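Visitor: One structure, as structure tokens, below. Some questions next.
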Amino acid sequence: MSLAPPPEPPVAPDPSASNRSNRSKLVGSLRAEGRRGVFVAVLSTVVVIGGLIAIVINSPNWLTFKESFFSVQEFKESFPDIAHHFVHNIEIFLVLEPLILAFALLLAIMRSLKGPVFFPLRVLAIIYIDFFRGIPTLLLVYLFGFGIPALQIPGVPISGIFWGSVALSLSYSAYVAEVYRAGIESVHSSQTAAARSLGLTRWQTLRFVVVPQAVRRVVPPLMNDFISLQKDTALLSIVAGQFGEAFQQGQIWKASHFNFTPILGVALCFLVITVPMTRFTDHMLERQRRRRMAGAVL
Amino acid sequence: MKRISTLAFALLVVLAACSKASSVATNQPTTAGETASECAKNATFTTDGTLTIGTSNPAYSPFFQGGTTSGSDWKLNDPTTGKGFEDAVAYEIANRLGYSTSQVTWIPVKFDESYAPGPRPFDFNIQQVSYKPVRAKAVDFSTGYYISNQALVAVKGSPITKAKTLADLKPYKLAAPIGTTSYDFIADVIQPDGGPAPTQTEDDAVAAVNGGQVDGLIVDLPTALYMADPYVQQVKNSVVVGQFANPTGGTPPYWGVTLSKGSTLTSCVDLAIGEMKKDGTLDEITKTWLSDKTNVGTVPLIGP
Chain C
1 MSLAPPPEPP VAPDPSASNR SNRSKLVGSL RAEGRRGVFV AVLSTVVVIG GLIAIVINSP
61 NWLTFKESFF SVQEFKESFP DIAHHFVHNI EIFLVLEPLI LAFALLLAIM RSLKGPVFFP
121 LRVLAIIYID FFRGIPTLLL VYLFGFGIPA LQIPGVPISG IFWGSVALSL SYSAYVAEVY
181 RAGIESVHSS QTAAARSLGL TRWQTLRFVV VPQAVRRVVP PLMNDFISLQ KDTALLSIVA
241 GQFGEAFQQG QIWKASHFNF TPILGVALCF LVITVPMTRF TDHMLERQRR RRMAGAVL
Chain X
1 MKRISTLAFA LLVVLAACSK ASSVATNQPT TAGETASECA KNATFTTDGT LTIGTSNPAY
61 SPFFQGGTTS GSDWKLNDPT TGKGFEDAVA YEIANRLGYS TSQVTWIPVK FDESYAPGPR
121 PFDFNIQQVS YKPVRAKAVD FSTGYYISNQ ALVAVKGSPI TKAKTLADLK PYKLAAPIGT
181 TSYDFIADVI QPDGGPAPTQ TEDDAVAAVN GGQVDGLIVD LPTALYMADP YVQQVKNSVV
241 VGQFANPTGG TPPYWGVTLS KGSTLTSCVD LAIGEMKKDG TLDEITKTWL SDKTNVGTVP
301 LIGP
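Okay, here's the thing in structure tokens:
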């Protein structure tokens, strides 16, 4: 490896004056380029979006489609009721999310435990995660929502929505556990070695050194799963019960009026909460990236 | 101001012209004394020379009967057997449109699919679809071939079986499939304290009763009688607790055949059903496949 001398800065005859004029020229051309850039961006957006809209609007069945999917009257009639039922979706994910976060962390720790003593725990965690990640969540919700109540075990709830929610939590815990595990494995082994050499027990090392760093690293992907869970509360529409989840309510409107607009109303409800969450997650990712880059030379 | 009103007037004229044009296009006028088969000669079909009829798969009893053969794509019942109430009605309509039994093709059509916008892959669809004015904006409905009472199915000896009035039913959990008149009946007429318990399909409503998740389910009377039939017992250990008279006032929710919006065949199907009503064929089919087939005695009426 040879150490090359740093490239010499270009020397101008009169640094102060010419530099300033050069800079202002540069800024000016950058601005011009910026203006041109904006113009091109606007133009291409208009062409692309406009073209797409034109294709949709000129489709042979557009008018029927519009009446069926974008009926203002149907929207006005159904939306307040749907929005009212959407409160149930929010309740569900607010209750489920902490349960999932806690249970998934337990699973991830079980899976990350080293040493032969913990072999059965590791195996159990792996089997659990493989099983619940391997089955479509929709099927789990259906099987739990109709299957477990049918057993009619005394003292066990028979509510479809309860067991559907349990299925949702079990499925998401498997995914979230893998996110945690990725975080735990990303903590360099020197951290563990250092902690152990300081006299911390294996458990203390995990509790005070590894997990805090791991969790902090995986907050953005966890947020992604949180957003995903918000959307998947719609899966609970397939279980029976008086609960009244928003998508189910949308389907009731749709089937009653033979019009699909209410389903768009449901989609709108979801967008209102998921888009801000997505933006926030992006913001956090960006902040994390900047923090990691701080002081680093690129 | 004047310009605006002129503009508005011009717009109105255009709108009126448009709506007139569309009404002429959709409602094919029927000439007096025309028969269904004459009418069908001028109609367009999905496949020439074939009448394509859609229904749900599984095809539910007692509207379709006769079972299914292994290897058939049809579950529960194969509509090509011609057995069952709606099956018989469909073939009778076909014959009156000038189509022999062998010229009829059945295709499975999901409920949602039957009213999606745009031309549908069937000439007509028959699956216990009840008429509502608002629904008629999306599809063409034929005149009715059946009007059903709603009925309550529950487990024998459970508290709900003692209900005598609609008010008695309020504390209970009642299931019905989404999009059915039965669901509307729970939501609008019974109005249970905890709200209705909708399910995606009829089978799920049955599962909900069998699993004890709900106290009972509301379905149309023929289906109720079938579910609780001593030899069928789709709902385990069940009885038909009672039936409900249709609410008075308004158009009763009759069952119609549905067709693509603006179909040229709609008026012909209307003629066919009209002929069937006139000469008593429809009554006969109803008696054969619904009244005579039930093993339950008279069902008590649950009053208001």
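Protein chains in written order, with the numbering used here: chain C, 1 to 298; chain X, 1 to 304. Note that the Cβ used here is the ideal one computed from N, Cα and C, for glycine as well. In this text, all values refer to a predicted model and were calculated from it rather than measured experimentally.
What's the gap between the Cα of Ala-187 of chain X and the Cα of Ser-260 of chain X?
Guide: Looking at the two C-alpha atoms, the distance is approximately 29 Å.
Visitor: If we call anything under 8 Å between Cβ atoms a contact, is Leu-76 of chain X one with Pro-58 of chain X?
Guide: Yes, the pair counts as a contact, with Cβ atoms nearer than the cut-off.
Visitor: Please report how far the alpha carbon of Lys-173 of chain X lies from the alpha carbon of Val-215 of chain C, in whole angstroms.
Guide: Approximately 44 Å between the Cα atoms of the pair.
Visitor: In three-state terms, what does DSSP make of Ile-218 of chain X?
Guide: Note: Ile-218 of chain X maps to strand in three-state DSSP.
Visitor: List, in chain order, every chain X residue whose beta-carbon is nearer than 9 Å to that of Ala-150 of chain C.
Guide: The answer, in chain order, is Ala-207, Asn-210, Gly-211, Gly-212, Gln-213.
Visitor: How would you call Asp-215 of chain X, buried or exposed, if buried means at least 16 neighbouring beta carbons within 10 angstroms?
Guide: By the neighbour-count rule (16 or more Cβ atoms within 10 Å), Asp-215 of chain X is buried.
Visitor: Taking the beta carbon of Leu-105 of chain C as the centre, do at least 16 other beta carbons fall within 10 Å, making it buried, or is it exposed?
Guide: Classification of Leu-105 of chain C: buried, given that the 10 Å Cβ count is 16 or more.
Visitor: Determine the direct distance from the alpha carbon of Pro-198 of chain X to that of Ile-53 of chain C, and round the result to whole angstroms.
Guide: Using only the alpha carbons, I get a separation of about 37 Å.
Visitor: Could you list which residues in chain X have their beta carbon closer than 7 Å to that of Gly-244 of chain C, in chain order?
Guide: Within chain X, the residues near Gly-244 of chain C are Gly-195.
Visitor: According to DSSP, is Trp-289 of chain X helix, strand or coil?
Guide: Correct three-state label for Trp-289 of chain X: helix.
Visitor: Tell me whether the beta-carbon of Thr-143 of chain X lies closer than 8 Å to the beta-carbon of Gly-49 of chain X.
Guide: Against a cut-off of 8 Å, the Cβ pair of Gly-49 of chain X and Thr-143 of chain X comes out as no contact.
Visitor: At the level of alpha carbons, what is the spacing between Gln-234 of chain X and Ile-273 of chain C?
Guide: Spanning the two alpha carbons is a distance of roughly 42 Å.
Visitor: DSSP three-state call for Pro-108 of chain X: helix, strand or coil?
Guide: Pro-108 of chain X: strand per DSSP, three-state reduction.
Visitor: Using the Cα positions of Thr-161 of chain X and Val-155 of chain X, report the straight-line distance between them to the nearest angstrom.
Guide: Rounded to whole angstroms, Thr-161 of chain X to Val-155 of chain X spans 8 Å at the Cα level.
Visitor: Evaluate contact between the stretch 167-176 of chain C and the stretch 259-276 of chain C, counting only Cβ atoms and requiring at least three cross-stretch pairs below 8 Å.
Guide: At 8 Å Cβ cutoff, the stretches do not touch.
Visitor: Given a cut-off of 8 Å, decide if Ala-176 of chain X and Leu-217 of chain X are closer than it, judged by their beta-carbon atoms.
Guide: In contact: Leu-217 of chain X and Ala-176 of chain X (Cβ atoms closer than 8 Å).
Visitor: Locate the beta strand (DSSP E) running through Ile-238 of chain C, then write down its first and last residues.
Guide: Per DSSP, Ile-238 of chain C belongs to no beta strand (DSSP E) and is neither H nor E.
Visitor: Roughly how many angstroms lie between the CA atoms of Ile-178 of chain X and Lys-231 of chain C, to the nearest whole one?
Guide: C-alpha separation (whole angstroms): 21 Å.
Visitor: Taking the DSSP output, what are the residues bridged to Leu-259 of chain X?
Guide: BP columns for Leu-259 of chain X point to X:Asp-140.
Visitor: At a Cβ threshold of 8 Å, is Phe-146 of chain C touching chain X?
Guide: Yes, because at least one Cβ of chain X sits closer than 8 Å to the Cβ of Phe-146 of chain C.
Visitor: Kindly indicate the opening and closing residues of the alpha helix (DSSP H) around Gly-134 of chain C.
Guide: That run of the alpha helix (DSSP H) goes 119-134.
Visitor: Which same chain residues end up closer than 6 Å to Leu-11 of chain X when comparing Cβ atoms and leaving out the 5 residues on each side of it in sequence?
Guide: Note that Leu-11 of chain X scores 43 on pLDDT, short of 50, meaning its location in the model is unreliable and no value can be drawn from it.
Visitor: Hey, how far is the Cα of Leu-290 of chain X from the Cα of Gly-280 of chain X?
Guide: Going by the C-alpha atoms only, they are around 15 Å apart.
Visitor: What number of angstroms, rounded off, separates the C-alpha of Asp-87 of chain X from the C-alpha of Ala-94 of chain X?
Guide: Rounded to the nearest angstrom, the two C-alpha atoms are 11 Å apart.
Visitor: Roughly how many angstroms separate the alpha carbons of Pro-192 of chain X and Ala-90 of chain X, rounded to a whole number?
Guide: So the alpha carbons of these two residues sit roughly 37 Å apart.
Visitor: Once the 5 residues before and after Pro-304 of chain X are set aside, which same chain residues still bring their CB inside 7 Å of it?
Guide: If we look at Pro-304 of chain X and ignore the five residues flanking it on each side, its Cβ neighbours are Thr-165, Leu-166.
Visitor: Let's test the definition: count the other Cβ atoms within 10 Å of the Cβ of Asp-292 of chain X and tell me whether it reaches 16, buried, or not, exposed.
Guide: Answer is exposed; the Cβ neighbour count stays below 16.
Visitor: Is Gly-51 of chain C close to chain A, meaning its C-beta is less than 8 Å from at least one C-beta of that chain?
Guide: Included in the structure are the protein chains C and X, with no chain A among them.
Visitor: Would you mind stating whether Ala-151 of chain X and Gln-243 of chain X have Cβ atoms separated by less than 8 Å?
Guide: In this structure, Gln-243 of chain X lies closer than 8 Å to Ala-151 of chain X by Cβ.
Visitor: Got a sec: is the Cβ-Cβ distance from Ala-294 of chain C to anything in chain X below 8 Å?
Guide: So, not an interface residue.
Visitor: Let me know the secondary structure DSSP gives Ser-61 of chain X once reduced to three states.
Guide: Coil, per DSSP.
Visitor: Who does Ser-130 of chain X pair with in a DSSP beta bridge?
Guide: Paired residues: X:Trp-255.
Visitor: So which residues on chain X does Ser-256 of chain C lean against when the C-beta distance must stay under 7 Å?
Guide: Correct list: Gly-179, Asp-184.
Visitor: Straight-line CA distance for Arg-290 of chain C to Arg-217 of chain C?
Guide: About 13 Å.
Visitor: Does the ligand MG have even one heavy atom less than 7 Å from the beta-carbon of Asp-73 of chain X?
Guide: In terms of ligand content, the structure shown is empty, and the ligand MG therefore cannot be addressed.
Visitor: Asp-73 of chain X: which of X:Phe-85, X:Gly-84, X:Ser-56 sits nearest, CA to CA?
Guide: Of the listed residues, the one whose Cα sits closest to Asp-73 of chain X is X:Ser-56.
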